[in-house]
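Using the working numbering, you'd call the opening residue of the sequence shown number 5 and step up by one each time. A quick write-up on the structure given underneath.
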Amino acid sequence: MRRGHKPATKTVTIVTFGLFMLFGLLLLSFVTQRPEIDPPKALNGVLDATGWDFASQGNVKLEGQWEFYHSQLLSPADFTQRNGDVKPSLTGYMPVPAQWESYPIPNSSPFGYGTFRLRVKMQKQQGTIFGIKQSIIRTAHRVFVNGQEIGSQGVPGRTMEETIPKNLPYTRFFAIQGDQADIIVQIANYEYSSGGFNQPLVLGVQKKIITEWGKSVTSELLIAIGFLLAGAYFLALYLMIRKERAWLYFGLIGIFGCIYLLTQGEKLINVLIPDIPYVWFTKLQCISGLCAQHFILVYAQATFPGICRKGLVRAILLFNFVLMGIVLFTPVVIFSQLQNLIFATGVSCILCMLYVMIVGAFRGLEGAIYMAIGAFSLLAIDSTNLLYILGYSIPVGVNPILLLLLICSQVLLLSKRFTNTYVKVEKLSEQLMAMDKLKDEFLANTSHELKTPLHGIVNIAQSLMEGAAGELNGKQEENMAIIVSAGRRMANLVNDILDLAKLKNDEIVLKRKLVELQPVVQVIFEMFRHLIGPKPLRFVSMLPESPLLVFADEDRLTQILYNLLGNALRFTAEGEIVISAVQKNGWLEISVRDTGIGIPEENWQLIFNSFEQTGSSVAREYGGTGLGLSITRRLVELHGGSIWVHSEVGVGSVFTFTLPVTAGRKEVREEQRNKWSGRETALIPAPLPAATQMHSDGFTVLVVDDDAANLQVLRNILSMERYNVIAVSNGEEALRQLEERGTIDLVITDLMMPGLSGIELCKRIREHYSLSELPVVMLTARNWQDDILAGFAAGVNDYLGKPVDAGEMKARIRTLVELKKSVQERIGSEIAFLQAQIKPHFLFNTLNTILAVSEKSLPEAQDLLAELGHYLRGSFDFENRQQRIPIRKELELVMSYLTIEKARFGERLKIIYEIDPTLNTLIPPLVIQPLVENAVRHGVTKKTEGGTVKVSVQSTAEHVVISVQDDGVGMDLKNRHAQPVERGAKAGVGLYNVERRLKAMYGCGLEINSTSGKGTSVTMRLRKEGLDAASNAGG
């Protein structure tokens, strides 16, 4: 990714940082190695420290010329002066530290044995505790001080067989009496390619030695832990997000770097894994270093791919693998001779990395500065390690600083990349969430927009098939049938897509309860019988008579059975569809068997996937989208059950699914016992307290439900509205009550009941009562189109969802009983007035609108029913047309009317109210509503795009100004009296009628302004004096 910095700026930054680092190293080296007083050096086997204060000036490295006795293993006793003893043969004075193969002796070799001796002169000591810190002596040795052995590693011998190699650092303490320390070191090496002192011994007082050792251990441990944590962190990130391979490689660098560090310096790995054989310890040291430098190069290549040539990278990596094989499968004496080659390979890896980083910085790639810092640090670390291996003294603190710099730079780089990735992912997540929300909104809006036209298409085509526009010939009827079928498939597809989206988003929450299977199956059979058409097909229930109870969501159980039966119906041309059930181990196995085309065995699992069918030819011939079985499987699994199929091609299929019989809880078992034992003795009809249940002036409502709790809820709600309630628990008892009582005004029945279902009960009622004579309201736990169609086909007036909302139920029942009452009581005396105000086509359109809305949203349908009730009450409540009413009642009538028309015309009708809320005066009834109705019917709705109706009621100093404006088609002012709001030729409360009444009562009429194509404004100005007088008279 390109950054905003210029390449030149990046180059300056890199060069400046490199120079700064080199300067810092030189400064640190100078400060560390150049103390104010140079420490003493050994000369000719003697180190004069008499002028050195160990307590204040610190430790002394025992560097310089030591006595060297080649091919001699001498003990302190060999240096004791005794008469007749043979004195050791001094080879010469050799420098320490140094590799003894470089000593100027004949036949010098890294292999062999010898003894070093150094006498340290110091100020006289009185039992002062001193210490010696040993770092690297290859590969076995013993250390004696003043005749006592104080430390050793391995066993030095005169032959390879006698020598046991070991090379671990240690610190030993001892007391010195007097002014001299005689130090003798035996060394033997037959394993490594270089022998002798690689690092000098350090002598000092106990406190100083412990301090130096502690600093060394602490710094190495902290850096190793840093490498380990960084490696583990990025390995964990990689395991979570496997696309970022750079995290894997850097994590491995951290792990192998940690191991390599633990094998260097104080060699702390020996604390974790004690007594590691020297050979394997050395192999581990080399292989961990080779692995670290291997992944350094791979990491650089993965971080900025394409910069370094792949051929060169592969060659270096291949050579690195060869070196690993040599180290692993050859003895130490062989691969230790390749240490310079190993170092050169490491430098090559680092140089490649440095090249990649510098080029990346020049190209402005993200994070190149951090990588360049890491490359410089690695180069410096490798250089210091080589110098250390070659015996040069490295300032304390240089490598820890370099390693810390390396770790920090790479952690910052990867963290920055991770942060950037996280930010990108977060932004993408936000975008995806927004898109997902838009998708859900799109699905909801699309379903809303599709359902209405689809239903319109289906209904219009259906009406044409039934002869609404005249008799159709055979071809026309066939085409109409195709349109109806396609429209219904599209509507089902919309519903399936919405259900699938909800299931995928875990938006479906099960409302589990005890559900009896038989009534559910009975209702579904009723729903499907009118869909069979001419097929010679039977629905058969093989369920036992005793109740089968499952602990499930009743709505979703119905959907499962509906999908399986619909699938069976689609692929079965003749025969039967059978439902059976058997209880096994706390589960109910429900099977749907058909005699259809069957399913090949290889497709038994495939058909439960979304948009999958048994083949394209089957899809073309039988239709469907392949979503039904997928939704069914998800719903069954949501209940904790499973579904499977067994089928034979040409014979039929059996779909079986399982549901829990009970939840296994005490309260569920108690509910089961209460419900089904209570059915034996429940309300037939239940005795009702006369004071609370019976009202002489109220309507009588018959409530039918097999659930005692639901019955009680309905009784309570209806009694509050002063309805007389008759509650029964089954359809047979409801029919008996209708025969015995002739004064029942409305029936409320549950859809699913044992025995006689709600649909069957409604069919029996319609054999004796019409829709207006006895309205029927159906209770259902779902709002399915097929439920509604089956219910309306049986003669249902309205639907109510369960659980019942009290306000909605009151509004719906109130509307139905008032409609019935209005039909019965007003048909004679108010027939002319009602014909003028309550147009049958308006009611028809309103009810159709309410029914259409109820399919989508019961709360909206409830509101429309309430508004229809307000409108009807406002229209009926006029015993005397000359009486005054509060202006708010007239406005409530107007708002109810406009709300209904708004639901009918949708976006084509826009409404604006500008009403002074402080007005509280009396006006004649029906002076505003006709103007509004005229504006809607003859104004805005005459335009294809619709328009806006504005109702304004304002108060001035002398008048109440009422105005109704529209931007419709306009009107001919010469014929304004010919625009009455009436049906047919009968006169009603049109503009002429309103104007005539206003002139008679107040002496002023209507102010009408209209422009053809632009709209109409009708205004009345009522003097407040006249209104006040009217108010007083009305009071």
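The beta carbon of each residue, even a glycine, is placed where N, CA and C say it ideally should be.
Chain-order list of residues whose beta-carbon lies under 6 Å from that of residue i (same chain, five-residue window excluded)
i, result
"V800", "C766, V780 and M782"
"D971", "G951, T952 and G1019"
"R912", "G950"
"G199", "W104, P114, R142 and N193"
"I889", "P929"
"I611", "L633"
Residue i, DSSP secondary structure in three states
i, result
"I835", "Residue placement at I835 is poorly supported in this model, since its pLDDT is 35, which falls under 50; the coordinates are not used for a value here."
"E918", "strand"
"R162", "coil"
"Y174", "strand"
"M975", "coil"
"F703", "coil"
"Y117", "strand"
"W217", "helix"
"A577", "coil"
"R726", "coil"
"L923", "coil"
"E911", "helix"
"Y426", "helix"
"I109", "coil"
"R719", "helix"
"M1024", "strand"
"P984", "Because P984 carries a pLDDT of 37, less than 50, the predicted location of this residue cannot be relied on, and the following value inherits that uncertainty. Three-state result, P984: coil."
"L663", "strand"
"N938", "helix"
"S761", "coil"
"D559", "helix"
"W104", "helix"
"V415", "helix"
"L30", "Its pLDDT being 49, under 50, L30 is placed unreliably by the model, and the measurement read from it follows with that caveat. L30: helix per DSSP, three-state reduction."
Beta carbon of residue i nearer than 8 Å to that of residue j
i, j, result
"C353", "L301", "yes"
"A572", "V596", "yes"
"E652", "G590", "no"
"L418", "I377", "no"
"V649", "V717", "no"
"K873", "A798", "What sits at residue 873 in the sequence shown is Gly, not Lys. Cβ atoms of G873 and A798: not closer than 8 Å."
"L547", "S584", "yes"
"L521", "L552", "yes"
"N171", "Y264", "no"
"F4", "A296", "The requested residue 4 is not part of the displayed model; the chain covers only 5 to 1039."
"P169", "E195", "yes"
"S139", "V147", "no"
"R176", "I136", "yes"
"S112", "V337", "no"
"G735", "L760", "yes"
"Y917", "S900", "no"
"L332", "K287", "yes"
Chain-order list of residues whose beta-carbon lies under 8 Å from that of residue i (same chain, five-residue window excluded)
i, result
"C1008", "L1002, M1024, R1025, L1026 and R1027"
"Q741", "P689, L706, I730, V732 and I748"
"K420", "E370, G371 and Y374"
"N924", "P890, I891 and R892"
Short CB-CB distance (under 8 Å) between residue i and chain D
i, result
"L342", "The displayed structure is made up of one protein chain only, and chain D is not part of it."
Neighbourhood of residue i by C-beta distance below 7 Å, restricted to the same chain and skipping five residues each side
i, result
"E593", "A585, V586, T660 and T662"
"D802", "V781, R816 and L820"
"Q127", "T54 and D183"
Which ranges does the alpha helix (DSSP H) cover as unbroken runs of at least 4 residues, wholly within the region 44–101, from first to last along the chain? 58–61
Do the region 235–254 and the region 277–293 touch if we need at least three Cβ pairs shorter than 8 Å? no
List, from N- to C-terminal side, the alpha helix (DSSP H) runs of 4 residues or more that fit wholly inside the region 579–604. none
Identify every run of the alpha helix (DSSP H) within the region 239–322, keeping only runs that are complete inside it and at least 4 residues long; order them along the chain. 249–266, 273–276 and 282–307
Does the region 241–250 come close enough to the region 264–277 that 3 or more CB-CB pairs lie under 8 Å? no
The region 216–232 contacting the region 183–191, beta-carbon criterion three pairs below 8 Å: no
Counting Cβ pairs closer than 8 Å, one from the region 54–71 and one from the region 93–100, do we hit at least three? yes
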